[in-house]
Each structure stands twice: as C-alpha cells, then as structure tokens.
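Have a look at the structure below before the remarks.
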Amino acid sequence: MGPPPEIAAQEAAEAKPVDFNRGDHAWMLVSCALVLLMTGPGLAMFYGGLVRKKNVLSVMMQCIYLMAIMTLIWAIYGYSLAFGPGPDNFLGELIGDGSYLFMQNVQTYIDSKQGFVVPMAGDIPRLTHMLFQGMFFIITPALIVGAFAERMKFKAMVLFMVIWGTVVYCPLAHWVWGGGLLQAGESPWPILGALDFAGGTVVHISSGISALVCAVLIGKRLGYGSEPMPPHNLTYTCIGACLLWFGWFGFNAGSALAADGIAASAFAATHFSAAAGAFAWATIEWTLRGKPTVLGACSGAVAGLVCITPAAGHVHMMPAVLMGLLAGIFCYCACTTLKNRFGYDDSLDVFGIHGVGGTLGAILTGVFATREVWDIHNGQPLGLIEGGTQMIPQILAVLITWGYAIVCTYIILKLLDAVVGLRVEQQEEIQGLDLSQHGEEGYIFL
Amino acid sequence: MKKVEAVIRHFKLEDVKNALTEQGIHGMTVTEVRGFGRQKGHTEMYRGTEYAVDFVPKVKIEVVVADALAQRVVDTIIRSAQTGQIGDGKVFVSDLSEVVRIRTGETGEDAL
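Take a look at the structure:
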C-alpha cells in the first residue's frame, strides 16, 4: 500500500525539481565548505604565524576581507565573467558574458512554461557550481597576500585584488574551465587544450607569478637582510598547513564535480603528493642542515599539494608520490637558493611554492597524465609516459598564464602606485600594520 | 639588607624555590628574562634562512634578606641551580636601602 494520495502528490511536486544526483551534490556542498576552510582559517593561520607579531592581524584581515569582498564580486559579476558561455565567436573563447549577472539563471526561478526551474551545471545545481568556483576566487588572491605581507597599504591591497580578480582571474578561469581557449576538449585549437584538473594554472601559477611581480615592484621590507625576521608563531603555521591539507581534498577531489571514481583518484593522489612533499622537504633539511624543521615539513606538504593540483584527476598514485617528492625538492631550492640569488623579498614564499610548484605540476601533468584515470580524449593517450602529446598544450598554457599574469599584474600595480600608493609610510611599517592599518594588536597581555 | 638576584635555568626554578623555602625564605619574585653570557646564543633556521639568536631565555629570581642571611641564600641558590654545564647562570648581590610593606607601612627588616 503506498502513501495516501495527497502525500504522494506532494512528494511528486517536491521531487520534480530535484532530479539531480544527491550523492554527487552532497559531496560538492561539503567540498565548497572545505575549500573555504583553506582560506580561513587555513591560509590565515599559515601566513599569520609566518609574519612578525606586529603584523599578524594584517595578514589575517587580508584573508578574511578577501573572503568577503571576492564573494560579493563573484555574486555580482565574477561568476558570469568566468563561466558565462560568452558569444559564439573568438571573444567567447576569452571571456564570459552577462548570462549570470546578479545570480540570474544561477538561482532557482519560476518560468511560465517550465514551472519551477533549478538551473543545472552538469549533474549539480548551478548554484553549487557557482559556490564551489567562488571559493577558488577567494583563495587565489589570498595566496598572493604572502608576497607583499608586512608592508602593503590595506587600501591598495583591496583595490589590487578587486582589479586582479576581475581582469586576471576571471578570464583565466574562463580559458581553462569555462569553455575557453585553454580547455582540453573545448578549445578550437587542440594544441592549446591543457589539462588543469583543479587549478594549477588558474590558481597557483597565476597567484605565484603575480606574487613575484608584487614582491619586486613593492620592494623589500625595511631591514630585510639586515634584521632578523623569523616567524613569530610556527604553531599557527603548522595548524594552518594541516587545515590546508585537509581543505585541499575538497579543492582537488571536489574538482571532479561529482562523487565518482575520478574524485576518489584525485583524493588519493592529493594525499600521497602532500605526504611525499612534506617528507622530501624535511629530508633535504635533515641531510643538508642537520635538523628537519616543522616549517620545512609544512612547506613541503603545501608544495606537494600545489604540484598535484593540475594533475589530481589525471594521474596514478606512484606518479603522484613522485610529483610530491619533486615538488618538495624544487620548491625547497626556489625558497632558498633562487630567492637568495636574486634577492627579492617574496616574504612568505608565494612564488617559491605556488609559482614554482604550480609550474612544475602543470608540466609534470603532461608527463604522467593517463587515460586510465580519466579518459578525457576518448581513448587518445595523454601524457608522455603513455605516448601522448599532452605535454605541448601544458607548456603553452604555462607560458600563456605566466605572460598574462605578469603583464596584467605589472600594469595594475603601476596604476595603483600612481593613484593611491602601494606601500605604507616608513613609520607605519616600523610600527606594524596591525596598529597602523587596523588600530588593533594581535596580542594584548595585561 | 641585601638583594640577591639570580639568573638561572628554567628547569631549575622549582629546585631553587624549594631549597630557599627550606632555608626559611618566604618570599621571592620571579621574572622571565633573556640574555647572554659565556653560553652565547644559538642559530635558528627558517626555510633556509639562518638567524643567530643571541638572547637565551632564562629565569631571574629576586630575594631580599637580612644581611646575615645573604651568604646562606647565595650558597643555597648555587647548590640547587648548579648543573656544571655552561649556562647555569649568575648570582648578583647588592645592598638595599629600604623596604616598605604597603598594607601596614612597616619598613626595614620588619617588612620582609
């Protein structure tokens, strides 16, 4: 005997708009929250612990303020620019359109013919897709914060991020994920069709290389190289790194946009690469300097996570381990030798870890990508190892992303420097940004 | 009256306090301090950048006693704080002109 007729009718009415896969959708909602956790408290603590104590609040504020402001931009026009289908010509390869302005056609609505409509993005509601991608729109600029930490004017930081998010992130996301010119299977030029599973180019290369431009243009911190500037609280940094590792499962496995086998593979690859990165970095220190450090293990884990990001849903497990090991080695060299050689003050090593790790990951994706994980080209081999030609688009995508991010970041910073000035006054920098920019102190002991 | 100040190792604080209490000393002040002597500092390394840390954390005990007790207090501190390794710290003894107990207004040795 079934339910009474009136209840059955009610169930039918409710069930009608919800005809998507609830398992996939549940995983995606969880992933959204996991990726947000990476910025706050993950990145806020990771960065907060690395600066001097007079600046701890300033980096935490930059993270939390970006959570707010990037979300608002995303809701008003960011998602539409990045993921709007765009016109059916070359312009549509470059940028989205106004289809989703103010969340129209993203949120549910009632149509005179179709009735109640839940706009979909693949197998999940478009609202969830928008939220998930919106979390990436928060963490990418938040990563850059580490490059100019302890010396940038808050006002200049806000303006920079608003403009950078609009002119760098949104187009890049469109090129790689929104059906634009760098997306494998979508690009009209297959030679540009790169594999970027969860944001090696869009998130890590773009933020890492922009961070380097910021560090160079804004200049070194007062006393850099002559005064000691050790991290003020590595316990925060360690907690932050662990939260990043945890949240990264949403970032990478969530990028499958489903709770399927690719998500499982991405989840495991992410975990293995992080472990290998932490192991590699700590081992190098142990060998060369005599002691493995906490900061080294944390940095190595993040390097491994960054490196596997573009490859997460494309590679098998042992390549993932190898990618993590290589990320630990390359990023260690970038943060020590490379930075000292050129003398730039990338304060929290955003370029050394995200720029270098992201570039390494994008290229290694071209080596190790296999159709056995995700047969994205209908049986065509992918990476070098299985005889594919994916390496060429990977390298081209890296070059395009580097070039675009460098040029745009340089122009934005030059403009802002002329209009509002990038750097705080010398006195304010000595006093610390917590007091000079926010009128607060991180630690008050009575 | 004498003021005895001793800069000692953190982990010796409890031993020194107990030893002084056994000698009938019933008041002292303790501060966290940093400094260096023969022990010198150490180096710390953060992402490959080495920093020399010159100031080593220590604990400073201050005890004020009648002149007659001063030598016994110094001996007690030395006995209880010694490990024999570089970095055990130092004891400083100085004359003290006046002490006042705020609650009662008593002065001199009565206020100790």
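Top line first, the protein sequences correspond to chains V and P.
Quick note: the first sequence uses our numbering, first residue 16, plus one each step.
Quick note: the second sequence uses our numbering, first residue 51, plus one each step.
Glycine included, each C-beta is placed from N, C-alpha and C at the ideal position.
Please read these numbers as outputs of a predicted model, since none were measured by experiment.
Here Thr302 of chain V is exposed. Its C-beta has fewer than 16 other C-beta atoms within 10 Å. With contacts defined by Cβ atoms closer than 8 Å, Val330 of chain V and Val388 of chain V form a contacting pair. In this structure, the alpha-carbon of Gly215 of chain V lies about 15 Å from that of Ala226 of chain V. For the pair Ala213 of chain V and Phe287 of chain V, the CB atoms are not nearer than the 8 Å cut-off.
With contact defined as three or more Cβ pairs closer than 8 Å, the stretch 272 to 283 of chain V and the stretch 51 to 67 of chain V are not in contact. Taking 8 Å as the CB threshold, Pro245 of chain V lines the interface with chain P.
The three-state reading of DSSP puts Ile139 of chain V in strand, counting E and B together. Assignment of beta-bridge partners to Arg84 of chain P by DSSP yields P:Pro107. Short of 8 Å from the beta carbon of Ser95 of chain V, and not among the five residues preceding or following it, lie these beta carbons of its own chain, in chain order: Gly111, Asp112, Gly113, Ser114, Tyr115, Leu116. Distance from the Cα of Leu58 of chain V is smallest, within the candidate group V:Leu428, V:Ile344, V:Ser314, V:Arg356, for V:Ser314. Pairing Lys67 of chain P with Val143 of chain P gives a Cβ-Cβ distance that is not under 8 Å. When the Cα atoms are used, Ile79 of chain V and Gln452 of chain V turn out to be separated by approximately 15 Å. Between the stretch 134 to 141 of chain P and the stretch 83 to 92 of chain P there are three or more C-beta pairs closer than 8 Å, enough to call the two in contact. Using a 10 angstroms sphere on the CB of Met76 of chain V, the tally of other CB atoms reaches 16 or more, which defines it as buried.
Note on Asn70 of chain V: 16 or more other CB atoms within 10 angstroms of its CB, so buried under the neighbour-count rule. Separation of Gly200 of chain V and Val218 of chain V (C-alpha to C-alpha, rounded to the nearest whole angstrom) is 20 Å. With contacts defined as CB atoms closer than 8 Å, Val109 of chain P and Val115 of chain P fail to qualify as a contacting pair.
In the structure shown, Tyr239 of chain V falls within a strand segment according to DSSP collapsed to helix, strand and coil.
The beta carbons of Met95 of chain P and Arg304 of chain V sit closer together than 8 Å. Around the C-beta of Pro107 of chain P, fewer than 16 other C-beta atoms lie within 10 Å, and the residue is accordingly described as exposed.
Between Pro186 of chain V and Leu109 of chain V the beta-carbon gap is near 6 Å, inside 8 Å, which marks them as a contact. Taking 8 Å as the threshold, the shortest C-beta distance from Arg84 of chain P to chain V does not fall below it. In this structure, the alpha-carbon of Gly234 of chain V lies about 15 Å from that of Phe366 of chain V. Think of a sphere of 8 Å around the beta carbon of Asp364 of chain V: the chain P residues whose beta carbon falls inside it are Arg97, in chain order. Distance between Gly155 of chain P and Ile111 of chain P, taken at the CA atoms: about 25 Å.
For Leu310 of chain V, the chain P residues whose Cβ falls inside 7 Å of its Cβ are Tyr96, Arg97, in order along the chain. DSSP places Glu455 of chain V in the coil class of the three-state scheme, outside both helix and strand. Listed in chain order, the non-local C-beta contacts of Ile299 of chain V below 8 Å within the same chain comprise Gly311, Gly343, Ile344, Tyr347, local neighbours out to five positions each way being set aside. Per the coordinates, the alpha-carbon of Asp65 of chain P lies some 16 Å from the alpha-carbon of Glu82 of chain P. Straight through space, the alpha carbons of Thr93 of chain P and Ala102 of chain P are spaced by roughly 4 Å. Cβ contact annotation for Pro203 of chain V (same chain, cutoff 8 Å, sequence separation greater than five): Glu108, Leu196, in chain order. With a cutoff of 8 Å on beta-carbon distance, Ala420 of chain V and Val183 of chain V are scored as near each other. C-alpha of Ala120 of chain P to C-alpha of His60 of chain P: approximately 23 Å in a straight line.
The alpha carbon of Met118 of chain V has as its nearest neighbour, out of V:Leu430, V:Leu87, V:Lys128, V:Ile368, the alpha carbon of V:Leu87. For Tyr115 of chain V, there is no enclosing beta strand (DSSP E), as DSSP marks it with neither H nor E. Cβ contact annotation for Ala161 of chain P (same chain, cutoff 7 Å, sequence separation greater than five): Val149, Val150, Arg151, in chain order.
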